[in-house]
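To start, the structure under review is shown below, and the notes come after it.
Number of protein chains: 2
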Amino acid sequence: MPEYSIGLDLGGTNLRAAAIDRAGDVLEKVSGSTPFSEGRDAVLAEMVQSISALRDRLGSAGLAGIGIGVPGFILIREGIIRNSNNLPFLEDFPIRDEIERRLSTSVVLENDANAAALGEKWRGAGREVDDLVLLTLGTGIGGGIISGGRVIRGFAGMAGEVGHLTVVPNGNPCGCGSQGCVEKHASATAVTAMARLMQLGESLSAKDIYDLAHRADEAGHKARQIWRVMGEALGLTLALLINTFNFPLYLLGGGMLPAWEFFAPSMLRTVDARSATYRLTKPSTRIDVATLGNEAGLYGAARLPWVETRNR
Amino acid sequence: MPEYSIGLDLGGTNLRAAAIDRAGDVLEKVSGSTPFSEGRDAVLAEMVQSISALRDRLGSAGLAGIGIGVPGFILIREGIIRNSNNLPFLEDFPIRDEIERRLSTSVVLENDANAAALGEKWRGAGREVDDLVLLTLGTGIGGGIISGGRVIRGFAGMAGEVGHLTVVPNGNPCGCGSQGCVEKHASATAVTAMARLMQLGESLSAKDIYDLAHRADEAGHKARQIWRVMGEALGLTLALLINTFNFPLYLLGGGMLPAWEFFAPSMLRTVDARSATYRLTKPSTRIDVATLGNEAGLYGAARLPWVETRNR
Chain E
1 MPEYSIGLDL
11 GGTNLRAAAI
21 DRAGDVLEKV
31 SGSTPFSEGR
41 DAVLAEMVQS
51 ISALRDRLGS
61 AGLAGIGIGV
71 PGFILIREGI
81 IRNSNNLPFL
91 EDFPIRDEIE
101 RRLSTSVVLE
111 NDANAAALGE
121 KWRGAGREVD
131 DLVLLTLGTG
141 IGGGIISGGR
151 VIRGFAGMAG
161 EVGHLTVVPN
171 GNPCGCGSQG
181 CVEKHASATA
191 VTAMARLMQL
201 GESLSAKDIY
211 DLAHRADEAG
221 HKARQIWRVM
231 GEALGLTLAL
241 LINTFNFPLY
251 LLGGGMLPAW
261 EFFAPSMLRT
271 VDARSATYRL
281 TKPSTRIDVA
291 TLGNEAGLYG
301 AARLPWVETR
311 NR
Chain W
313 MPEYSIGLDL
323 GGTNLRAAAI
333 DRAGDVLEKV
343 SGSTPFSEGR
353 DAVLAEMVQS
363 ISALRDRLGS
373 AGLAGIGIGV
383 PGFILIREGI
393 IRNSNNLPFL
403 EDFPIRDEIE
413 RRLSTSVVLE
423 NDANAAALGE
433 KWRGAGREVD
443 DLVLLTLGTG
453 IGGGIISGGR
463 VIRGFAGMAG
473 EVGHLTVVPN
483 GNPCGCGSQG
493 CVEKHASATA
503 VTAMARLMQL
513 GESLSAKDIY
523 DLAHRADEAG
533 HKARQIWRVM
543 GEALGLTLAL
553 LINTFNFPLY
563 LLGGGMLPAW
573 EFFAPSMLRT
583 VDARSATYRL
593 TKPSTRIDVA
603 TLGNEAGLYG
613 AARLPWVETR
623 NR
């Protein structure tokens, strides 16, 4: 029996788990079915049951460890979710210790965006490098930073909060207490808010605005303008990261990626204008598309037990 | 004879070198006397001569290595200064290999701001942590990032270019090609430019503006306003770094530090407003004053041979 680990990805509405071997090949995979609306006990039971099912099928002997990716701020040492907009019922509860107790084995907890970055480094678009930043563009903007093959998480697990980097000092207010965070100017939520401001429609989705951008009429023009402005905000963020890290790779993932053709030109122009480091190293500094999609977090969660041994 | 290393700090106008033991105690120290205006050959000769003098006094047997901090972009693998405003005559010259050849020993080259950060971590205000960012506020703004006790330098040695983080998207133009870089809004040069704009005087130094800020009259009011605006730009930069790294310590060094009393209040207010991570972790996230002053780069240069073994 080869050595394997189990990764569990706790999404906003459901969970998935996979047993993955050391080479990164998926051995078995399960998806949860319990609606998260049923609350903490139901979700915890399903997490434990999914992991147990995989362990039963593959045997305890080869199990290297268990990694869990969850959305929100994690207190790594304590194994607690400090704050999670999607899973408020799991906040300030000793989730790691409780799952360890029920499974009688050790668990590594990680923020889902950090786990996704680790997954892309392991098996995705970052396989060739040891250092990368992943930005996930969805309803919000999350990020994960990998340096020397390991997650930079900061002493309270809050590193990589790139969605809250200021790109418009007097810009839109943000729930974090600041204003002009890139998440308020380049996320799906931001794009749909811009569509309302442009009187394109009250309830357009980012996908609708992407579709609109193909049209030759006035609405198409406005939609392309929105993507251009979104690209500029994203470009400013990338320039900040490139000037800070000088890493070889910056990956973009998430549901906004299909609109790449519309936001990438202004994004890359902005990075060029804002970062001498980018201009000087351009062929070697790459801004590219993440390739694992929703699987990134699952791979990254499974990778955790092999790279994180000292986080408590 | 105890093990020691030799650190050499190449400033903008002169050089210093020290032999330092593993505990960080200075054994011997020399200062150069050759004016840098005499050009490359004279500076190279003085570098070699300073290092040789220390090695002769302490003996080759205990020498662990030689580290050199230089201002400018370093191509680490190649051992070349790619770009240096202060030492243009050393650009694109194989300085590391040439010094190694003349001394018949190996040399580690590093950017001076990175070396200073390493020095503060080793023997200065960062002794208690493994992760910190140092911002050096002078005529420009430099930075160094230490993660896990080692410099984050990026694949081309350009990491930590925090002086070029955008804080005012439509702000002052910068030599790097961008505009609104913090270095154009919070350095000594920026402060003196603001004094001109405020019609305080055509040739005031940062020190003059600091002295003015103590006065109760209109000029004092204007000077305090300048420091307040400078503090806001710096605060925005710190918020970007805190949101990115969640490190426990951010140090400020350089010639502007005496004005701390005037810029720190607006700086800390801005960090508070811009970083939820700071607000949530405030007692443990510290923004503080570097303690080694001009010695930081010398200590850091001497530390290099012990922490950097794989940089070519």
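Chains as they are written, first to last, in my numbering: chain E, 1 to 312; chain W, 313 to 624. For every residue, glycine included, the Cβ atom is placed at its ideal position computed from N, Cα and C.
Using the C-alpha atoms, what's the distance from SER106/E back to ARG312/E?
Low confidence applies to ARG312/E: its pLDDT is 49, below 50, so where it sits in the model is not reliable enough to give any reading.
Is the shortest distance between the beta-carbon of GLY69/E and the beta-carbons of chain W less than 9 Å?
no
In the DSSP assignment, the alpha helix (DSSP H) including GLU350/W goes from what residue to what residue?
Element bounds for GLU350/W: n/a, residue is neither H nor E.
Say whether the region 570–583 of chain W touches the region 297–309 of chain E, bearing in mind that this needs 3 or more beta-carbon pairs closer than 8 Å, one atom from each stretch.
no
Cβ pair PRO570/W, VAL441/W closer than 9 Å
no
State the DSSP-derived secondary structure class of ALA213/E, mapped to helix, strand or coil.
The three-state secondary structure of ALA213/E, taken from DSSP, is coil.
Could you tell me the distance, in whole angstroms, from the CA atom of ILE318/W to the CA atom of GLY567/W?
Rounded to whole angstroms, ILE318/W to GLY567/W spans 26 Å at the Cα level.
Rounded to whole angstroms, what is the Cα-Cα separation between GLU91/E and ILE81/E?
5 Å
Of the choices VAL601/W, ASP409/W and LEU375/W, whose alpha-carbon is the least far from that of ARG389/W?
ASP409/W
Residue range of the unbroken alpha helix (DSSP H) whose run includes GLY547/W:
530–557
Can you look up LEU340/E in the DSSP assignment and give me helix, strand or coil?
Given a span of 1 to 312 for chain E in the structure shown, any question on residue 340/E remains unanswerable.
Would you say ALA365/W faces chain E, with C-beta separation under 9 Å as the test?
Taking 9 Å as the threshold, the shortest C-beta distance from ALA365/W to chain E does not fall below it.
Kindly say whether LEU10/E, judged by its beta-carbon, lies nearer than 9 Å to any beta-carbon of chain W.
For LEU10/E, the closest Cβ of chain W is not nearer than 9 Å.
By Cβ distance, which residues of its chain are closer than 7 Å to LYS534/W, with the 5 residues on each side in sequence left out?
MET510 and LEU512
Please check if any C-beta of chain E sits within less than 9 Å of the C-beta of PRO481/W.
yes
So, is the C-beta of MET158/E closer than 9 Å to a C-beta in chain W?
yes
Thinking just about the alpha-carbon of each residue, which of ILE363/W, SER345/W, ALA335/W and LEU415/W is nearest to the one in LEU320/W?
ILE363/W
Under a three-way DSSP split, which group does LEU292/E fall into?
coil
With DSSP as the reference, label LEU118/E as helix, strand or coil.
helix
Short Cβ contact (9 Å threshold) for LEU134/E with ILE145/E:
In this structure, ILE145/E lies closer than 9 Å to LEU134/E by Cβ.
Taking all protein chains shown into account, decide if ARG123/E is buried (16 or more other Cβ within 10 angstroms of its Cβ) or exposed.
When all chains shown are included, ARG123/E counts as buried.
Interface residues of chain E around ASN558/W at Cβ under 9 Å?
ILE152, ARG153, GLY154, PHE155, ALA156, GLY157, MET158, ALA159, GLY160 and GLU161
Tell me whether GLU412/W sits in a helix, a strand or coil according to DSSP, three-state version.
Here GLU412/W sits in helix by DSSP.
SER499/W: buried (16+ other C-beta within 10 angstroms of its C-beta) or exposed?
buried
So the alpha helix (DSSP H) PHE338/E belongs to, where does it begin and stop?
Because chain E spans 1 through 312 in this model, residue 338/E falls outside it and cannot be assessed.
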